[in-house]
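These protein sequence lines are chains S and V, in that order.
Under the numbering used here, the first residue of the first sequence carries the number 1, and numbering increases by one thereafter.
Under the numbering used here, the first residue of the second sequence carries the number 279, and numbering increases by one thereafter.
Here the structure is laid out as C-alpha cells; the discussion comes afterwards.
Number of protein chains: 2
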Amino acid sequence: MRIAIVAPGSRLDPAIADRTLKLALAFYPALELSFHPQCFRSSGHFAGTDEERKHCGWKPANDTAIDAVWFARGGYGAGRVALLALHRLNETAAKKTYLGYSDAGALLAGLYRCGFRDVAHGPMPADLNREGGEEAIKRSLAYLMSRDPATLEPTVSPETPTAAFNITILSHLIGTPFQPDLGGHILMLEEVSEYMYRIDRALLHITSNPLIRTVAGIRLGRCSAIPANAPDFGQTEEDIARHWCEISGIPYLGRADIGHDVANRIVPFGRFRPNTVA
Amino acid sequence: MRIAIVAPGSRLDPAIADRTLKLALAFYPALELSFHPQCFRSSGHFAGTDEERKHCGWKPANDTAIDAVWFARGGYGAGRVALLALHRLNETAAKKTYLGYSDAGALLAGLYRCGFRDVAHGPMPADLNREGGEEAIKRSLAYLMSRDPATLEPTVSPETPTAAFNITILSHLIGTPFQPDLGGHILMLEEVSEYMYRIDRALLHITSNPLIRTVAGIRLGRCSAIPANAPDFGQTEEDIARHWCEISGIPYLGRADIGHDVANRIVPFGRFRPNTVA
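If you want it as C-alpha cells, here you go:
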C-alpha cells in the first residue's frame, strides 16, 4: 500500500509530517507513506504557487504506483487547484482513494462530480495538532488500509449513499461546475470558527439550491469554536439546521459524528464499499 | 413623494431614524419619509421575527400611496425575508423604487430577478453612523427625489446595464432562485471586513458560475477593513479580481466608486433611466 500526501491548500508544518510518518510506521510497517515536497513549499497563503500545487499535487494521482491520495490539511486553496487540475486526471487517478475534509472538500466534490467513486471525508495529518490527534490519524489509516467499518460515521452503510462537507466550503461550491449531484444522498454538514449568523446564511444558501433539495436528508455534525454573535443569535446550530430543512422540504435526520475535532469519523462519498482496496 | 423605510436585516437605532428624518426635512420639506415600526423591533439577530419582517416590511411595497422603499441598514437577514416574501408582492410593488446595499443586496437581487426595474444600490440611513455620513444620505435622497445624475457611479450610463453587489452577499446568491440574470451587465463588486483569502474564495465562487460569466465585465469597488491575513496573502484585492476575471474570461474593467463608506455612489440595476419618478 502506497499513500501519497499532497497539500492543495495551506502549507504543512514538516514536524507534523515526521510525526505522521512515525505513527504510520508503528502501526503499519509495510505502509509506504510519502509526503510530496510541495506540502512544505510556501507562496503567500498557499503551499506553493497554483502551478506548483497543480503539477506536484497531481502527479501522484496519475501515478500507477500510488494507491491513495491523502490531503495534508485544510486552510484554503483546494478550490483553486480543482479549477486548474481536475481535467488533467486520467483513468489511473479515477481508480484510487482520496481522503480529507474541510477546505479539501472542494477537491473531493470535484472528484466525485467527475465520477471518481472512492472519495471520502476523514481526518488529515494536520489533525495531529489537536490534543489526542493520534486517534484521528489512526482512524484515517485504518480506513485507508482496510476499510475498517469501526472508522465510519455510525449511520454510514453500504445501502445509502452519503457525503460530508464543511458548510462554508459547500456554500462556495453551489452553482459551480464542482457542485456534485447529491440526489438521494444523506448529506452531513459540519462547521468551525464561523459566527452563528454565517452558519445561518450558508445553510439558507445551500438549502435554496434546487439540486441540493434532491438529497435524501441532512445530518448536522458538530459546529465548534463559534465566535460570540452580537446580539445573541437566539438559535442553536441545530435550530438553524431544522429551520432550513423545514423551509426547503429536506428531511432533517439528526446529528452526525463529524466535525473539526479528533472524533471526526469517516464518511465515504456515495455508498460504503467494504474492503475495496485492502 | 413618499418613501417608506424598512429593515429586512438587523435592527436600526431609533436615533439614526431621527437624524435621517431631520436631514430629509431640511433638504426636502415636502418629502414624506416614514420609518416602519418594524425597523426598531428586535428578535435575536434581527429587526423582529421573520414573520414581522415579512409582513410589516412588505406592506409598504404593496401600498399604492408609497413611491419608494428604502432599506434601513445591512447586517444580515434580507435573504431570509426574500425567501419568504417575494411571492407576496403585487403589481403596485413592481412599480416603485427600491434602494439599499450590503445585506439588502439579497433582496435587490430577488426583486430584479422578479422583473422589478427600479432597483438600485446606494447608501442607507445607517450610513449616518459613519463620519461624514450626511453626504451619503443626501446622495440617496437626491437619487430618490430626482434621479440626479451626479449621484451615480461615474461609469453608469443609460446605454449599459449595471448592477452592484457586496461580494459575500452575491456569493451566497449563486445557484439559488434569487440569483439575477446579469447577462450583458457591468457587475460592480465591493467588500468590507473580510479576510483576503475569503475575498479570493468568494470571487473564485462567483466567477465559476456559468450565468455570471455572461456579464459584460466586472468593476471592483473598495474592499475596506480587511483583517490581516496570516500569512500575508501576497495579492491585493485588485490582483485577485484580475486573476479570476482572467481565469473565467470575464473582462476586468477597472475600479468602481462604491464601497462600505460615505463615498458609496448609486448604481441602478439595469439601465439608468433619468427622471423616472421625479
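For glycine and all other residues, C-beta sits at the position ideal for the given N, C-alpha and C.
Since this is a predicted model, take the numbers as computed values, not measurements.
Nonlocal neighbours in the same chain, by C-beta distance under 7 Å from residue i, ignoring five residues either side
| i | result |
| --- | --- |
| Phe456 of chain V | Ala360, Ala384, Ala387, Gly388 and Arg391 |
| Leu220 of chain S | Leu189, Glu237, Glu238, Ala241, Arg255 and Ala256 |
| Ala65 of chain S | Arg2 |
| Leu482 of chain V | Trp522 |
| Asp103 of chain S | Gly9, Gly74, Gly75, Tyr76, Gly77, Ala78 and Ile169 |
| Lys54 of chain S | Val81, Leu84 and Ala85 |
| His185 of chain S | Pro161, Thr162, Ala163, Val215 and Ala216 |
| Arg297 of chain V | Leu406 |
| Pro338 of chain V | Ala282, Val284, His314, Ile344 and Val347 |
| Phe550 of chain V | Leu430, Val434, Ser435 and Pro436 |
Neighbour list for residue i in chain S, Cβ cutoff strictly below 8 Å
| i | result |
| --- | --- |
| Asp535 of chain V | Per Cβ cutoff of 8 Å: no residues; Asp535 of chain V is ~27 Å from chain S at best. |
| Ile496 of chain V | Those within 8 Å of Ile496 of chain V in chain S number zero; the least Cβ separation is about 17 Å. |
| Ile344 of chain V | Going along chain S, no residue has its Cβ under 8 Å from Ile344 of chain V, so there is no contact; the nearest lies around 28 Å. |
Neighbour list for residue i in chain V, Cβ cutoff strictly below 7 Å
| i | result |
| --- | --- |
| Gly79 of chain S | Arg479 and Leu482 |
| Asn209 of chain S | Gly453 and Thr454 |
| Ile266 of chain S | Within chain V, no residue comes near Ile266 of chain S; the closest Cβ sits about 26 Å away, beyond 7 Å. |
Neighbourhood of residue i by C-beta, 8 Å cutoff - its chain only, sequence neighbours within 5 removed
| i | result |
| --- | --- |
| Gly175 of chain S | Asn209 |
| Asn229 of chain S | Tyr195, Met196 and Tyr197 |
| Glu409 of chain V | Val540 |
| Tyr28 of chain S | Met1, Leu141 and Met145 |
| Lys373 of chain V | Asp396 |
| Gly548 of chain V | Tyr390, Arg395, Val397, Pro439, Thr440, Ala441 and His463 |
| Gly255 of chain V | Any property of residue 255 of chain V remains undetermined from this structure, which presents chain V solely from 279 to 556. |
| Asn553 of chain V | Ser424 and Arg425 |
Cβ shell of residue i (< 6 Å), same chain only, five flanking positions each side left out
| i | result |
| --- | --- |
| Ser471 of chain V | Ala503 |
| Ala563 of chain V | Residue 563 of chain V lies beyond the range of chain V shown here (279 to 556); nothing can be said about it. |
| Gly100 of chain S | Phe71 and Met124 |
| Glu32 of chain S | Arg2 |
| Leu531 of chain V | Gly495 and Arg497 |
| Ile490 of chain V | Ile484 |
| Leu465 of chain V | Ala441, Val493 and Ile496 |
| Pro251 of chain S | Gly217 |
| Asp200 of chain S | Ile240 |
| Ile525 of chain V | none |
| Ala17 of chain S | Phe35 |
| Phe46 of chain S | Gly77 |
Contacts of residue i in chain S (Cβ-Cβ under 9 Å)
| i | result |
| --- | --- |
| Cys380 of chain V | Residue 380 of chain V is actually Ser in this sequence, not Cys. Within chain S, no residue comes near Ser380 of chain V; the closest Cβ sits about 13 Å away, beyond 9 Å. |
| Ile528 of chain V | Correct list: empty, because the minimum Cβ distance to chain S is about 14 Å. |
Under 8 Å from the C-beta of residue i: neighbouring residues of chain V
| i | result |
| --- | --- |
| Ile3 of chain S | Near Ile3 of chain S there are no residues of chain V at all, since even the closest Cβ is about 28 Å away, more than 8 Å. |
Contact set between residue i and chain V, taken where Cβ atoms lie within less than 9 Å
| i | result |
| --- | --- |
| Asn129 of chain S | Under the 9 Å cutoff, chain V gives no residues; its nearest Cβ is about 15 Å from Asn129 of chain S. |
| Ser157 of chain S | The premise fails here: Ser157 of chain S is roughly 29 Å from chain V at the closest Cβ pair, so nothing lies under 9 Å. |
| Asn62 of chain S | Those within 9 Å of Asn62 of chain S in chain V number zero; the least Cβ separation is about 23 Å. |
| Ile352 of chain S | Nothing about residue 352 of chain S can be read from this structure; chain S reaches only from 1 to 278. |
| Ile137 of chain S | Those within 9 Å of Ile137 of chain S in chain V number zero; the least Cβ separation is about 25 Å. |
is_contact[residue i, chain C] using C-beta, thresh 8 Å
| i | result |
| --- | --- |
| Tyr475 of chain V | Included in the structure are the protein chains S and V, with no chain C among them. |
Where residue i meets chain S, residues with beta-carbon distance less than 7 Å
| i | result |
| --- | --- |
| Asn507 of chain V | His45 |
| Ile504 of chain V | Ordered by position in chain S, no residue passes the 7 Å Cβ test against Ile504 of chain V, which lies about 13 Å from the chain. |
- Message: Closer than 8 Å is the cut-off here; do at least three beta carbon pairs connect the region 86-94 of chain S with the region 125-136 of chain S?
- Response: no
- Report the residues of the region 28-52 of chain S with a CB closer than 8 Å to any CB of chain V, ordered along the chain. Ser42, Ser43, Gly44 and His45
- Task: Determine which residues of the region 440-464 of chain V have a Cβ less than 8 Å from any Cβ of chain S, and write them out in chain order.
- Result: Ser449, His450, Leu451, Ile452, Gly453, Thr454, Pro455, Phe456 and Gln457
- Every unbroken alpha helix (DSSP H) inside the region 62-115 of chain S [4 residues or more]: 78-85, 91-94 and 105-113
- Item | Chain-ordered residues of the region 231-242 of chain S with a beta carbon less than 7 Å from chain V | Pro231, Asp232, Phe233, Gly234 and Gln235
- Item | Segments of 3+ residues assigned as beta strand (DSSP E) that fall wholly inside the region 463-515 of chain V | 464-470 and 495-502
- Tell me, please, whether the region 532-548 of chain V touches the region 424-443 of chain V by the rule of three or more beta-carbon pairs shorter than 8 Å. yes
- Message: If the cut-off is 9 Å on Cβ atoms, which residues from the region 69-97 of chain S count as contacting chain V, listed in chain order?
- Response: Gly75, Tyr76, Gly77, Gly79, Arg80, Leu83 and Leu84
- Task: Would you be able to state if there are at least three C-beta pairs under 8 Å between the region 317-329 of chain V and the region 283-298 of chain V?
- Result: yes
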